[in-house]
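In the numbering used here, the protein residues as written are 1 to 273.
C-beta: ideal position from N, C-alpha, C; glycine also.
Note that this is a predicted model, so its numbers are computed, not measured.
Worksheet: one structure, shown below.
What follows is the structure in structure tokens.
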């Protein structure tokens, strides 16, 4: 019985660490509505191939990390069970098991982040740092015919993307601070509930710093009641607690109620790694 309790305690501790590691940045994992966008469906140009590889690398790393984590953890528990280490187990043994699981996860996550940093550096090097205008030109050159890009003639796209960048920084800081009331002002009620639940599960308050960030509109559409715009954010961020850097490749889906002249733009969906 003691052995069973010990194994379950270690597993719960490990799951808590993994959950926390994947929720450091606002919107991590994705929430809410999702729409196909030009950037994700258009044929990639030479400068975009690196960005695509940036997304592929974390997925591969995550798969291999999970396999290696299972092998290492399985080997550890097999050794303990075979050696009779669970006989007369004490609370210190439980803590040591939890520490071992934590170290394994940190090592695996560190290896994955190294791959992400290499890919992010290539994706955001001098050749890919563009102004808003050149980013829009690139998007226009790779328009997918089945994806909407319908903006009113008087729509100020540059001002909109600049505002989106400011909101991204503001919301990320609110996420760090645990200021859910501020986040509520920028997202739909359904999205807020999911984000608040994720933030409340964090055992340690995050401390994420945005190093550089670009934004571009990758989808625009209109329904009888709402205007919809999707914004792609690309850049880099730093986890000050873990002293690590990650690439940003997030899409925010925003909606505005056309039936209310004073209705704000609200984030209704987030696609993020």
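Query: Residue 59 versus residue 261: straight-line alpha-carbon distance, rounded; Result: A caution first: residue 59 carries a pLDDT of 42, below 50, which makes its placement in the model unreliable, though a value can still be read off. Cα-Cα distance, rounded: 42 Å.
Query: Segment contact flag, the stretch 220-231 with the stretch 200-211, C-beta cutoff 8 Å, min 3 pairs; Result: no
Query: Status (buried if at least 16 other CB within 10 Å, exposed otherwise) for residue 246; Result: buried
Query: Residue ranges of each beta strand (DSSP E) within the stretch 187-240, 3 or longer; Result: 208-222 and 226-239
Query: The stretch 255-272 touching the stretch 184-197, judged by at least three CB pairs closer than 8 Å; Result: yes
Query: Alpha-carbon spacing of residue 196 relative to residue 255, whole angstroms; Result: 20 Å
Query: Short Cβ contact (7 Å threshold) for residue 272 with residue 28; Result: yes
Query: Residue 255 - DSSP class collapsed to helix/strand/coil; Result: strand
Query: Opposing strand residues paired with residue 166 [DSSP bridges]; Result: Note: residue 166 sits in no beta bridge, so no partner.
Query: Option in 240, 251 and 216 with minimal Cα separation from residue 33; Result: 251
Query: Given residue 234 as reference, the closest of 257, 176 and 168 once Cα atoms are compared; Result: 168
Query: Paired residues, beta bridge with residue 244 - DSSP; Result: 239
Query: Terminal residues of the beta strand (DSSP E) in which residue 151 lies; Result: It is not in any beta strand (DSSP E) - residue 151 carries neither H nor E in the DSSP assignment.
Query: Counterpart residues of residue 271 in DSSP-defined beta bridges; Result: 251
Query: Inter-residue spacing [alpha-carbon to alpha-carbon] between residue 185 and residue 243; Result: 31 Å
Query: Residue 260 in three-state terms, based on DSSP; Result: coil
Query: Segment limits, alpha helix (DSSP H) that includes residue 25; Result: No alpha helix (DSSP H) contains residue 25, which DSSP labels as neither H nor E.
Query: Counted within 10 angstroms of its Cβ, other Cβ atoms place residue 216 as buried (16 or more) or exposed; Result: buried
Query: Limits of the alpha helix (DSSP H) - the one that residue 181 falls within; Result: 180-184
Query: Expected contact under 8 Å - CB spacing of residue 152 and residue 175 to nearest Å; Result: Not quite, the Cβ-Cβ distance comes to about 32 Å (not below 8 Å), so this is no contact.
Query: Residue environment, residue 161, which counts as buried when at least 16 other CB atoms sit within 10 Å; Result: buried
Query: Proximity of residue 239 and residue 148 at Cβ, strictly below 7 Å; Result: no
Query: Residue 31 (DSSP reduced to helix, strand or coil); Result: strand
Query: Residue 231 and residue 164 closer than 7 Å at C-beta; Result: yes
Query: Integer Cβ distance of residue 178 from residue 201, believed to fall under 8 Å; Result: Contact doesn't hold; Cβ gap of about 12 Å is too wide.
Query: Own chain, CB closer than 7 Å to residue 259, minus 5 neighbours either side, in chain order; Result: 225
Query: Residue 172 vs residue 26 beta-carbon contact at 7 Å; Result: yes
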